[in-house]
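J.: For the sequence shown, my numbering begins at 2 and goes up steadily by one.
Where is the CB? At the ideal position from N, CA and C, for every residue including glycine.
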Amino acid sequence: MKLRPFELTLVIIFGALFITALILIRTYDPPADESVTVVGTVSIWGTLPPSAINDLIKKISLKDKSYEMVTYSYFPPEKFDEAFLNTLADQNSPDLLLLPHDLLAKHRSRLQPLILESFPERDFRSTYIDGADIFVLSDGIYGYPVFVDPLVMFWNRDIFASNGLLTAPSTWEEIVADIVPTITNRDFNRTIKRSALAMGEYSNIKNAFPILSLLLLQGGSALVTEENKIYSIRLNETLNRSGATPFTNAVTFFTNFSNTSNTLYSWNRSLPLDRDMFLSEDLAIYFGFASEGRDIETKNPNLSFDIAEVPQGAEASVKRTYGQFYSLMIPKAAKNKNGSFSVMQNLGSQENAKELASGYNMVPVYRSSIISGSNDIYGRIAYKSANYARGWLSPDKNRLDEILSRMIGDVNANRSDIYSATTDAMNRIQQIY
């Protein structure tokens, strides 16, 4: 069929438009979605179980596909150090870490601090609760704090009620004058049948180090200070240099409970682990971390127990408890630092920090989150305790445990007096920084 000039012109025009459209479709590059951040492959390592953080990463990846390349690897605390050092030796560092503050001093040389110009210290202190400043050191801020696990007091309601006690003690004076004498049950040869609380030994008290730290904090100890990457051991000094000896006082109080000649005698090394005794209803008070509440409930559903803030001194004007603070930190050897920083900012945001804290039964470290509080059965006390929780720049935990265990053992066996034992311990601690 022969086309007329007009029809031929239309065919040529539409053909040209069709070819142009094909070219545009093939070469069109749509603008980037500003709600999606390309982070690349980011490998996160941590010492907390994977469920909560994996759930959050999965939730974020539904909106941001680049998070499909963000992974989390869990290492039990006792295996993390070896795995981390080995992977650094193989030049295959993870990109991001989620770690407790008690690993900061040990791995500091392997971590990348944030310069204060990029995250001003004033902004940091306005954003997070006071205890989170454990990550603010002389050369910068070591990561984004996320949550804290404060030390609290779990108490057996049935044991208390059976002895005419209806509320948890709020002071150490109550512990000494009422709780221990009333609840502790010893037979004629002083064998402990039931204990009010576990103190005085190291090997069979699950949280012996946090309890000693609690006593140090409440005694006003200056703990360990850092300047220009040099650590000063000031366990037996107070911040106001009042002349008090908080480390000596803490060890004296702690060991009184295992001294058979002391009226407070309620614990010894032959007893089971304190947490196990609490679960079996042979221990009235257990000092544990707030995150342990759900697990205790699961292990013994019939156990009638409650949670309370740790006791304070009757004359104390400032409350203190020990807390385990967790932060997201970037290794110096990370291959994808830009992606790591982006992920750190996202996971460490107020909203996501609160979600992670809830997943691990801990407390977010944002001031605004603490103010909003919690109605959870354990969370209410945990939130109150977090506000005055503190940690300290402790060195290698395994070696520190050895030193403190030896110190307590020497005191209990009368191999050394309190002053000599604490002085020797401080000298040994200084050597492992």
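In this structure, how does DSSP classify D425 when only helix, strand and coil are distinguished?
T.: For the purposes of this step, residue 425 is taken as residue 424 along the sequence shown, with counting starting at 1. It is helical.
J.: Between which two residues does the beta strand (DSSP E) harbouring S222 extend?
T.: As a first step, residue 222 must be located in the sequence shown, where it is residue number 221. Taken as a continuous stretch (DSSP letters only), the beta strand (DSSP E) holding S222 covers S222 to E228.
J.: Nearest by alpha-carbon distance to L198: which of K60, I130, F189 and L274 is it?
T.: The residue labelled residue 198 in the question sits at position 197 within the sequence shown. For the residues K60, I130, F189 and L274, the minimum Cα distance to L198 belongs to L274.
J.: In chain order, which continuous runs of the alpha helix (DSSP H) of length 4 or greater are located wholly inside the segment 237-275?
T.: Every alpha helix (DSSP H) stretch that sits fully inside the segment 237-275 and reaches 4 residues is listed by chain position as 247-257.
J.: Would you identify the three-state DSSP class for L284, choosing helix, strand or coil?
T.: Along the sequence shown, one-based indexing puts residue 284 at 283. Reduced to three states, the DSSP call for L284 is strand.
J.: For the beta strand (DSSP E) containing P146, name the first residue and the last one.
T.: Taking the first residue of the sequence shown as position 1, residue 146 is located at position 145. Annotation: the continuous beta strand (DSSP E) that includes P146 extends over Y145 to N157.
J.: Alpha carbon to alpha carbon, what distance is there between T423 and L401?
T.: What you label residue 401 is simply residue 400 of the sequence shown in a count that begins at 1. What you label residue 423 is simply residue 422 of the sequence shown in a count that begins at 1. Cα-Cα distance, rounded: 13 Å.
J.: Determine whether the beta carbon atoms of A335 and S328 lie at a separation below 8 Å.
T.: As a first step, residue 335 is located in the sequence shown; it is residue number 334 there, counting from the start. As a first step, residue 328 is located in the sequence shown; it is residue number 327 there, counting from the start. Between A335 and S328, the C-beta gap is not smaller than 8 Å, which leaves the two residues out of contact.
J.: Assign V319 to buried or exposed, taking buried as 16 or more other Cβ atoms, counted over all protein chains shown, within 10 Å of its Cβ.
T.: Along the sequence shown, one-based indexing puts residue 319 at 318. V319 is exposed by the Cβ-count criterion.
J.: Expressed to the nearest angstrom, what Euclidean distance is found between the alpha-carbon atoms of D30 and Y73?
T.: Position 29 of the sequence shown holds residue 30. Position 72 of the sequence shown holds residue 73. Its pLDDT being 47, under 50, D30 is placed unreliably by the model, and the measurement read from it follows with that caveat. Using only the alpha carbons, I get a separation of about 33 Å.
J.: Where DSSP assigns a beta bridge to N1, which residues make up the other side?
T.: The question about residue 1 has no answer, for the chain in this structure spans 2 to 434.
J.: Answer yes if the segment 85-103 comes into contact with the segment 360-370, meaning at least three C-beta pairs across the two stretches below 8 Å, and no otherwise.
T.: no
J.: Can you check the segment 296-325 for any beta strand (DSSP E) of at least 3 residues that lies completely inside it and give the ranges in chain order?
T.: With a minimum length of 3 residues, the unbroken runs of beta strand (DSSP E) contained wholly in the segment 296-325 fall at 306-309.
J.: Quick one: using the 10 Å Cβ neighbour count with 16 as the cut-off for buried, is K59 buried or exposed?
T.: Within the sequence shown, the letter at position 58 stands for residue 59. K59 comes out exposed.
J.: Return the first residue and the last residue of the beta strand (DSSP E) that G47 is part of.
T.: Here residue 47 refers to the residue found at position 46 of the sequence shown. In this chain, the beta strand (DSSP E) harbouring G47 covers V43 to G47.
J.: In angstroms with no decimal places, state the Cα-to-Cα distance between I433 and Y232.
T.: Against the sequence shown, residue 433 aligns to sequence position 432. Against the sequence shown, residue 232 aligns to sequence position 231. Looking at the two C-alpha atoms, the distance is approximately 11 Å.
J.: Between which two residues does the beta strand (DSSP E) harbouring Y75 extend?
T.: The residue labelled residue 75 in the question sits at position 74 within the sequence shown. Looking at the DSSP string, the run of the beta strand (DSSP E) that includes Y75 is V71 to Y75.
J.: Out of M427, S292 and I404, which one is the CA nearest neighbour of V153?
T.: Taking the first residue of the sequence shown as 1, we reach residue 153 at position 152. Ranking M427, S292 and I404 by Cα distance to V153 puts S292 first.
J.: Please return the same chain residues whose Cβ sits closer than 8 Å to the Cβ of D307, not counting the five positions on each side in sequence.
T.: Walking along the sequence shown from the start, residue 307 turns up at place 306. Excluding positions up to five away in sequence, the list reads F155, W156, R158 and A169.
J.: Terminal residues of the continuous beta strand (DSSP E) containing L166?
T.: Here residue 166 refers to the residue found at position 165 of the sequence shown. L166 -> no beta strand (DSSP E), and no H or E assigned at all.
J.: Would you list the one or two residues that DSSP bridges to R368?
T.: One-based indexing of the sequence shown puts residue 368 at position 367. None; R368 has no bridge partner.
J.: Just grab the DSSP bridge partners of I142 for me.
T.: As a working mapping, residue 142 is identified with position 141 in the sequence shown. BP columns for I142 point to L115 and V137.
J.: Compute every distance between the C-beta of S292 and the non-hydrogen atoms of the ligand PLP, then say whether any falls below 7 Å.
T.: Here there are no bound small molecules, and the ligand PLP is not part of this structure.
J.: For L99, does the three-state DSSP call read helix, strand or coil?
T.: As a position in the sequence shown, residue 99 is number 98, starting the count at 1. Three-state result, L99: strand.
J.: Under the three-state reduction of DSSP, which class applies to R400: helix, strand or coil?
T.: If you number the sequence shown from 1, residue 400 lands on position 399. Looking at R400 - three-state DSSP - the assignment turns out to be helix.
J.: If I'm right that R321 touches Y266 with Cβ under 8 Å, what's the distance once you round it to whole angstroms?
T.: Mapped onto the sequence shown, residue 321 falls at position 320. Mapped onto the sequence shown, residue 266 falls at position 265. Actually they do not touch by this definition, with Cβ atoms about 26 Å apart.
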